[in-house]
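Numbering (this note's numbering), first residue to last: 223 to 292.
Where a beta carbon is used, it is the ideal one built from N, C-alpha and C, also for glycine.
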């Protein structure tokens, strides 16, 4: 299922960040490897679509992030 949210933060030195879901809920972590556009650096408040995946014993992370125009 595709979700939408805005980038809360991204640390390019470690390649991780977090995204705030538009429909509410917990902020989700993501890794650079989950970004679909090669070489893209997400910026705060950019809108992305994403899916969720459970890692680390059931903790949800955002995966397959794609920047949404507009």
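State the start and end residues of the unbroken beta strand (DSSP E) segment that holds residue 274.
269-277
Residues near residue 273 by beta carbon distance below 8 Å, same chain, minus five either side:
223, 224, 225, 284, 285, 286
Look up residue 240 in the DSSP assignment and say whether it is helix, strand or coil.
strand
Please identify the residue among 243, 263, 265, 266 whose C-alpha is closest to the C-alpha of residue 282.
243
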